[in-house]
Amino acid sequence: MASNVASSSSSAASNPALAERQAKLRTALEHKSRGNTSFTQGDIKSALSSYHHAVLYLSGLEQRSILGLVGENSGKDGRPEDLSSDDESESEHKEGEGEKQLSIVYSNMAACYLKQNNYPRAIETADKSLKCDSRNVKAKFRKVQALRLSGDVYKAKAVLEDTIEGMKARKGKKEKEAVDDFERELKAVQKTIEAKEAAGRNKWKGFLGKNPKVFDVSGAAEASTITGDGVKGQEETDDDAAAAK
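My numbering puts the first residue of the sequence shown at 12, with every later residue one more than the last.
Right, dumping it as structure tokens:
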């Protein structure tokens, strides 16, 4: 990436607009690099600040402008990713590289929010990452982690199953490793769902044990006059369920 930007310096010298865009891209990548360093040092607040600035600069560049800089014809989890490795193969500098870079920054922000237990923001930034690059595996993984940890286990399960099915269609070592990670996460989600459903069944058993005639036609009138204590018990169940989420 850096070599491609450097190769455009002669053109930039005679094109002020191109020079400005090149400077913005370089600044964005510098902010990204600082964010990565802060993340690995455990300074999540500083990492988020740097990633935010990187997003501002990357978002301010038109996709075609970025493609002109990188050459449009060339072309474990919880760690931040590099946006501009100099040893990347030229085949990887394909069309849409600018969006791909923005996707990685958003994905790194999702990792930061996971560290802060801010699951809504983790989901939001993971979604932004996937909007830029729908094949960003780490963004998908961070999204399902945030969904599970926030209690939205059924949605997490649906995303996991869909992702695993899609990745199994692609052959390769990286894909296989990713599938293994997603399947482990799916097992964790399924365990959470089983525990949640078992707790729900036990609550119903307790309720029916206290009110055995609640579903009997002959006992309908009696059930309809359940005292305030019975209503209170149902309210406690709802509160308990809400707290569990």
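Using N, Cα and C, we set each Cβ at its ideal position, and we do this for glycine too.
{"Check": "Of the listed residues Y68, E135, D191, K35, nearest to L158 (C-alpha basis)", "Outcome": "E135"}
{"Check": "A121 and R153 closer than 8 Å at C-beta", "Outcome": "yes"}
{"Check": "6 Å Cβ shell around R151 - same chain, five flanking residues per side excluded", "Outcome": "A quick correction: the sequence has Lys, not Arg, at residue 151. Closer than 6 Å at the Cβ level, and outside the excluded window around K151, lie T174."}
{"Check": "S100 versus K111: straight-line alpha-carbon distance, rounded", "Outcome": "Here the model assigns S100 a pLDDT of 41, short of 50, so the residue's position is not dependable and the matter cannot be decided."}
{"Check": "At least three beta-carbon pairs within less than 8 Å, the stretch 175-185 to the stretch 127-143", "Outcome": "no"}
{"Check": "For R181, the three-state DSSP class (helix, strand or coil)", "Outcome": "coil"}
{"Check": "Separation of A58 from K168, as counted between CA atoms", "Outcome": "30 Å"}
{"Check": "Distance between beta carbons of L113 and L171, contact taken as under 8 Å", "Outcome": "Their Cβ separation, rounded to whole angstroms, is 25 Å, which puts L171 and L113 out of contact at 8 Å."}
{"Check": "Short Cβ contact (8 Å threshold) for V116 with V148", "Outcome": "no"}
{"Check": "DSSP-derived helix/strand/coil call for Q33", "Outcome": "helix"}
{"Check": "Pair within 8 Å by beta-carbon distance, K207 and V164", "Outcome": "yes"}
{"Check": "Buried versus exposed, by CB contacts within 10 Å (16 or more), D42", "Outcome": "According to the sequence displayed, residue 42 carries His and not Asp. When all chains shown are included, H42 counts as buried."}
{"Check": "DSSP state of N128 mapped onto helix, strand, coil", "Outcome": "coil"}
{"Check": "Residue burial classification, A210 (beta-carbon count within 10 angstroms, cutoff 16)", "Outcome": "exposed"}
{"Check": "Coarse secondary structure for S145, derived from DSSP in three states", "Outcome": "coil"}
{"Check": "DSSP state of D163 mapped onto helix, strand, coil", "Outcome": "coil"}
{"Check": "Straight-line Cα distance separating S61 from K166", "Outcome": "31 Å"}
{"Check": "Through-space distance from H63 to A133, alpha-carbon basis", "Outcome": "14 Å"}
{"Check": "Q52 classed as buried or exposed, judged by whether at least 16 other C-beta atoms fall within 10 angstroms", "Outcome": "exposed"}
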